[in-house]
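Have a look at the structure below before the remarks.
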Amino acid sequence: MSLDDDVHPAMEAMYEELFDDDEEFAAKQLEADIGLKNQEVLSGIARLQRQIAEQELHLQMWREQLEAERRSDSWELGEGEATADELRSEWAALESAEREVEMLKAKVAAQQAAFVRLPDPEASDDET
0 MSLDDDVHPA MEAMYEELFD DDEEFAAKQL EADIGLKNQE VLSGIARLQR QIAEQELHLQ
60 MWREQLEAER RSDSWELGEG EATADELRSE WAALESAERE VEMLKAKVAA QQAAFVRLPD
120 PEASDDET
């Protein structure tokens with residue numbers, strides 16, 4: 000008798016103790032796989048939310064700068080840092096960047112909607 004012959008029956012007995020049948024094992028494996036996937040999705044959502052917050056802060060500062068330039072009379076005369084054409088171009092770029100942030104927000108919302116939540120095994124039947 001080899002070492003493998005001794006190990007195999009012991010592992011088989013341990014397997015039978017842990018899982019009554021293959022269906023229970025498959026269910027536990029699926030639950031673990033979903034949990035892993037959920038962590039990946041949550042990480043992706045959190046990363047996108049941080050990116051959105053950073054971009055919104057940047058856009059807010061950009062918008063304030065452009066509004067300050069627009070309020071000054073010098074841009075109309077071309078005496079300031081930006082001429083009227085340059086300022087219009089900056090506004091168009093800002094609005095484009097704001098649309099991109101809105102698309103990121105939609106992406107996050109779609110990911111959150113598609114998020115698979117497992118029922119809490121600790122929760123009672125009344126809570127689920």
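In numbering that gives the first Met the number 0, the protein residues as written are 0 to 127. By construction, the Cβ of each residue, glycine as well, lies at the ideal position given by its N, Cα and C atoms. Computed from a prediction, not measured in an experiment: that's the story for all the values here.
query	result
Grouping DSSP H, G and I as helix and E and B as strand, with all else coil, what is I24?	Sequence inspection shows Phe at residue 24; the Ile mentioned does not correspond to that position. In the structure shown, F24 sits in a helix (DSSP, three-state: H, G or I).
Given this structure, state the Cα-to-Cα distance separating Q110 from Q28, to the nearest angstrom.	23 Å
Anyone know if the C-beta pair for L93 and R69 falls short of 8 Å?	no
Reducing DSSP to helix, strand and coil, say where S88 ends up.	helix
Between Q48 and E22, what straight-line distance do the alpha-carbon atoms span, to the nearest angstrom?	38 Å
Mind checking whether L65 and E89 have CB atoms under 8 Å apart?	yes
Determine whether the beta carbon atoms of I44 and V100 lie at a separation below 8 Å.	no
Spatial neighbours of F114 within its chain, please: C-beta separation below 6 Å, excluding the five flanking residues on both sides.	V40
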